[in-house]
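Asks:
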Amino acid sequence: MQEIVLPVIGSVAAWRAEASARLQARTPPEALTWRMGAAEPDLFATERVEARTTGQRVSLPRQAVSTLELSLSHRDPERFARAYDVAFRMAHAGLSWGDRRDAALREVLRTAKLAGRAIHKMHAFVRFRELPGEGPRRSFAAWFEPDHPIVEAASPFFARRFGDMDWTICTPGLTALFVDGSLSFRETEAEARPPADASEELWRTYFASIFNPARLKVQAMQSEMPKKYWRNLPEAELIPELIRSAPVRAAEMQAAQARDLETRRVAAARQLCAGARVSVPAEPAAPPETLAELAAAAGTCARCPLHEPATQTVFGEGPEDADLMVVGEQPGDQEDLTGRPFVGPAGQLFDRALAVAGLDCRRLYITNAVKHFKFMPRGKLRIHQRPNAGEVDHCRWWLDAERRLVRPRLTLALGATAARALTGSDRGLLERRGTVETARDGGPVLITVHPSYLLRLQDPAEREEGFSRFCEDLSAARLSLPGQSGVATKDFTSAASTTWQ
Ligand code: URA
Numbered sequence: 000m001q002e003i004v005l006p007v008i009g010s011v012a013a014w015r016a017e018a019s020a021r022l023q024a025r026t027p028p029e030a031l032t033w034r035m036g037a038a039e040p041d042l043f044a045t046e047r048v049e050a051r052t053t054g055q056r057v058s059l060p061r062q063a064v065s066t067l068e069l070s071l072s073h074r075d076p077e078r079f080a081r082a083y084d085v086a087f088r089m090a091h092a093g094l095s096w097g098d099r100r101d102a103a104l105r106e107v108l109r110t111a112k113l114a115g116r117a118i119h120k121m122h123a124f125v126r127f128r129e130l131p132g133e134g135p136r137r138s139f140a141a142w143f144e145p146d147h148p149i150v151e152a153a154s155p156f157f158a159r160r161f162g163d164m165d166w167t168i169c170t171p172g173l174t175a176l177f178v179d180g181s182l183s184f185r186e187t188e189a190e191a192r193p194p195a196d197a198s199e200e201l202w203r204t205y206f207a208s209i210f211n212p213a214r215l216k217v218q219a220m221q222s223e224m225p226k227k228y229w230r231n232l233p234e235a236e237l238i239p240e241l242i243r244s245a246p247v248r249a250a251e252m253q254a255a256q257a258r259d260l261e262t263r264r265v266a267a268a269r270q271l272c273a274g275a276r277v278s279v280p281a282e283p284a285a286p287p288e289t290l291a292e293l294a295a296a297a298g299t300c301a302r303c304p305l306h307e308p309a310t311q312t313v314f315g316e317g318p319e320d321a322d323l324m325v326v327g328e329q330p331g332d333q334e335d336l337t338g339r340p341f342v343g344p345a346g347q348l349f350d351r352a353l354a355v356a357g358l359d360c361r362r363l364y365i366t367n368a369v370k371h372f373k374f375m376p377r378g379k380l381r382i383h384q385r386p387n388a389g390e391v392d393h394c395r396w397w398l399d400a401e402r403r404l405v406r407p408r409l410t411l412a413l414g415a416t417a418a419r420a421l422t423g424s425d426r427g428l429l430e431r432r433g434t435v436e437t438a439r440d441g442g443p444v445l446i447t448v449h450p451s452y453l454l455r456l457q458d459p460a461e462r463e464e465g466f467s468r469f470c471e472d473l474s475a476a477r478l479s480l481p482g483q484s485g486v487a488t489k490d491f492t493s494a495a496s497t498t499w500q
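According to numbering that gives the first Met the number 0, the sequence shown is numbered sequentially starting from 0.
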């Protein structure tokens with residue numbers, strides 16, 4: 000039996016190197032034990048046992064390797080041995096990645112999912128405080144307590160996002176340091192929280208300003224932002240008061256919205272009947288660097304006349320590191336009123352299809368080609384009008400900016416408007432559906448129909464058939480993403496990371 004001791008920092012890379020040498024040497028899992036930490040000196044050992052390789056290269060599917068490695072960021076002490084066991088049986092004993100009967104493989108998938116979730120939480124809930132200093136770069140620090148040892152896996156995201164400043168994220172296990180553009184890790188010595196300063200107040204103001212009482216769902220909020228994280232979020236002090244006053248504020252907002260609506264309808268009628276033309280916008284300023292800033296900037300967009308009759312901009316929603324971006328046409332009536340994409344009838348159908356296809360809507364970034372509702376008032380109704388090519392082209396500035404920040408591995412274009420906005424082509428949709436095209440920015444785009452097309456089908460059999468084909472397209476998208484098992488007929492994402500501009 001050989002014991003492999005992995006370093007506390009860089010354990011995933013070390014596991015990969017050790018595992019790959021041992022897989023080549025065909026060392027069976029039961030001949031190895033794995034642990035993390037400084038090696039204890041062994042007085043009798045002569046030298047470290049090196050794996051004797053057979054010279055045959057072992058290769059595993061990329062998706063399997065990335066999931067096995069993600070599972071190593073779970074806190075379970077058995078993770079290294081389990082990942083090697085699965086890798087060994089895949090390489091040498093015919094275990095297939097899709098075999099859900101295999102208990103160890105199921106555990107790898109489960110732990111990888113929990114580690115992925117913890118990484119997402121860290122991306123969402125780390126709050127930096129500025130540190131005093133006079134250097135050319137500003138310095139920030141944050142304290143965070145993740146459920147799993149994910150600091151190394153989660154930190155490259157912060158390095159990309161906050162590359163122009165120095166920062167430190169301390170956790171009880173490791174500390175990530177980003178200084179002068181280079182990322183390193185060390186074991187945390189003392190659990191010192193960063194000093195409080197004026198940015199505490201700033202966070203509070205920010206949080207109060209983005210809090211929309213009409214959308215308040217306490218349970219959902221707590222599951223996204225579990226109470227245990229509140230301790231380290233300065234803005235969390237505001238939550239009880241915001242929750243308490245939400246119903247009154249929501250009622251006030253609704254009344255104000257209703258008053259506004261009539262005025263807007265009249266304005267819309269005038270605007271559309273006057274055949275307003277899209278004006279050429281001034282050269283855009285540099286796009287903001289975070290989705291929150293981008294959404295805030297889009298909130299005041301007046302690049303084309305569609306903003307005037309609409310209630311508000313409906314911007315994209317979802318995690319900034321989403322693998323899959325979904326692009327629809329434009330917000331509908333309910334989206335316009337609530338300010339959120341895909342909450343109306345088309346959105347409900349889409350949610351059902353996502354559930355059938357096994358896609359978690361919380362992992363998607365959902366947006367539209369056009370961010371304002373275009374409609375024709377008819378009595379009390381607002382009738383959806385398809386955006387024209389000029390409007391789509393104007394609004395593409397926002398979509399392009401969203402894509403540069405999210406950099407999805409795959410994009411799903413729902414319907415002809417989205418397909419045109421993304422690829423520039425307006426060839427017939429039905430001949431393109433289910434195929435993958437290249438977006439203007441180089442990313443792969445899977446084309447499918449818009450859910451409202453399915454809602455318009457009258458014949459029940461046709462509708463059913465259309466819905467199940469739609470679900471198949473969504474499943475194909477899911478199966479081509481990393482960490483998803485099943486049999487994918489095509490790997491749509493293979494070129495995505497290299498072809499982005
Ligand atoms: N249709 C879309 O294309 N987008 C929405 O947000 C709602 C309906």
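Each residue gets a CB set at the ideal place from its N, CA and C atoms; glycine is no exception.
Grab the span of the alpha helix (DSSP H) containing Thr10 for me, first residue to last.
Replies: One point to set straight first is that residue 10 is Ser, not Thr, in the sequence displayed. Looking at the DSSP string, the run of the alpha helix (DSSP H) that includes Ser10 is 10-23.
Asks: Where are the alpha helix (DSSP H) runs, 4 residues long or more, that stay fully inside the region 54-105, in chain order?
Replies: Qualifying alpha helix (DSSP H) stretches, in chain order: 61-70, 78-91.
Asks: Quick check for students: name the residue ranges of the alpha helix (DSSP H) that lie wholly in the region 294-365, counting only runs of 4 or more.
Replies: Within the region 294-365, the complete alpha helix (DSSP H) runs of at least 4 residues are 332-337, 344-356.
Asks: Helix, strand or coil for His449? Go by DSSP, reduced to three states.
Replies: Residue state, collapsed to three classes: coil.
Asks: Quick check on this structure: which residue in Glu436, Gly97, Thr170, Asp350 has the alpha carbon closest to the alpha carbon of His449?
Replies: Looking at the Cα atoms, Asp350 is the closest of the given residues.
Asks: Hey, quick one: how far does the alpha helix (DSSP H) through Glu463 stretch, first residue to last?
Replies: Element bounds for Glu463: 459-478.
Asks: Is Val7 helix, strand or coil by DSSP?
Replies: It is coil, neither helix nor strand.
Asks: Can you have a look at Thr299 and say buried or exposed, based on whether 16 or more other CB atoms are within 10 angstroms of its CB?
Replies: Looking at its Cβ environment, which holds fewer than 16 other Cβ atoms inside 10 Å, Thr299 is exposed.
Asks: Can you tell me which residues form a DSSP beta bridge with Gly168?
Replies: One detail in the question is off: residue 168 reads as Ile in this sequence, not Gly. Note: Ile168 sits in a beta bridge opposite Ala141, Ala175.
Asks: Under 8 Å, do Thr366 and Gly315 count as touching if we go by C-beta distance?
Replies: In this structure, Gly315 lies closer than 8 Å to Thr366 by Cβ.
Asks: Shorter than 7 Å, the distance from the beta carbon of Val313 to the closest heavy atom of ligand 1, or not?
Replies: The answer is yes for Val313.
Asks: Does the pairing of the region 288-302 with the region 378-387 give three or more beta-carbon distances under 8 Å?
Replies: No, because fewer than three Cβ pairs between the region 288-302 and the region 378-387 fall closer than 8 Å, the two stretches do not touch.
Asks: With Ala158 as the anchor, note down where its alpha helix (DSSP H) starts and where it stops.
Replies: From DSSP, the alpha helix (DSSP H) with Ala158 extends over 150-160.
Asks: Threshold first: 3 residues or longer. Then list the beta strand (DSSP E) segments lying entirely within the region 369-436, N to C.
Replies: 374-377, 380-383, 409-413, all fully within the region 369-436.
Asks: State the Cα-Cα distance for the pair Phe184 and Gly162, rounded to the nearest angstrom.
Replies: So the two alpha carbons sit approximately 16 Å from each other.
Asks: Comparing alpha-carbon positions, which option in Ile8, Thr434, Glu68 lies nearest Val107?
Replies: Nearest option by C-alpha distance: Glu68.
Asks: List the endpoints of the continuous beta strand (DSSP E) containing Phe184.
Replies: Counting along the chain, the beta strand (DSSP E) containing Phe184 begins and ends at 181-186.
Asks: Taking the alpha-carbon of Glu328 as reference, which of Gly338, Lys373, Ala309, Leu293 has the nearest alpha-carbon?
Replies: Checking every option, the nearest Cα to that of Glu328 belongs to Lys373.
Asks: Is Ser70 close to ligand 1? I mean its beta-carbon at under 7 Å from any heavy atom of the ligand.
Replies: Checking every heavy atom of ligand 1 against the Cβ of Ser70, none is found closer than 7 Å.
Asks: Based on DSSP bridge pairs, tell me the residues matched to Leu31.
Replies: Answer by DSSP bridge pairing, in chain order: Gln1.
Asks: For Ala90, collect the residues of the same chain with a Cβ closer than 7 Å to its Cβ; drop the 5 residues on either side in sequence, then sort them by chain order.
Replies: Within the same chain, Ala90 has close Cβ partners Leu22, Val57, Leu59.
Asks: Run the proximity test for Gln329: is its beta-carbon closer than 7 Å to any non-hydrogen atom belonging to ligand 1?
Replies: Yes, since a heavy atom of ligand 1 falls inside the 7 Å radius drawn around the Cβ of Gln329.
Asks: To the nearest angstrom, how far is it from the Cα of Ala291 to the Cα of Phe127?
Replies: About 16 Å.
Asks: What is the rounded straight-line gap between the Cα of Met164 and the Cα of Ala175?
Replies: Their Cα atoms are separated by approximately 14 Å.
Asks: According to DSSP, is Arg128 helix, strand or coil?
Replies: Three-state DSSP puts Arg128 in a strand.
Asks: Give me the Cα-Cα distance between Pro330 and Cys394, rounded to the nearest whole angstrom.
Replies: Near 13 Å, if we compare the C-alpha coordinates of Cys394 and Pro330.
Asks: Helix, strand or coil: how does DSSP classify Pro481 here?
Replies: DSSP places Pro481 in coil when its eight states are reduced to three.
Asks: Using 7 Å as the cut-off, classify the Cβ of Glu401 as near or not near the heavy atoms of ligand 1, replying yes or no.
Replies: Glu401: no, Cβ never under 7 Å from ligand 1.
Asks: I'd like to know if the region 110-126 and the region 147-154 are in contact, where contact means that at least 3 CB-CB pairs between them fall below 8 Å.
Replies: Touching, yes.
Asks: Is Arg361 buried or exposed, if buried means 16 or more other CB atoms sit within 10 Å of its CB?
Replies: Classification for Arg361: exposed.
Asks: For Glu507 versus Thr422, is the C-beta spacing smaller than 8 Å?
Replies: Coverage of the chain is limited to positions 0 through 500, which leaves residue 507 absent and any answer about it impossible.
Asks: Exposed or buried, which one is Gly93 when buried takes at least 16 other CB atoms within 10 Å?
Replies: Exposed is the call here.
Asks: Take the Cβ of Leu429 as the centre, count every other Cβ of all protein chains shown within 10 Å, and call the residue buried at 16 or more, exposed below.
Replies: That one is exposed.
Asks: Might you give, ordered along the chain, the residues of its own chain that have their beta carbon closer than 8 Å to the beta carbon of Ala44, omitting 5 neighbours on each side?
Replies: The predicted model places Ala44 with a pLDDT of 37, which falls under 50 and marks its position as unreliable; any figure quoted below should be read in that light. Nothing listed; no residue qualifies.
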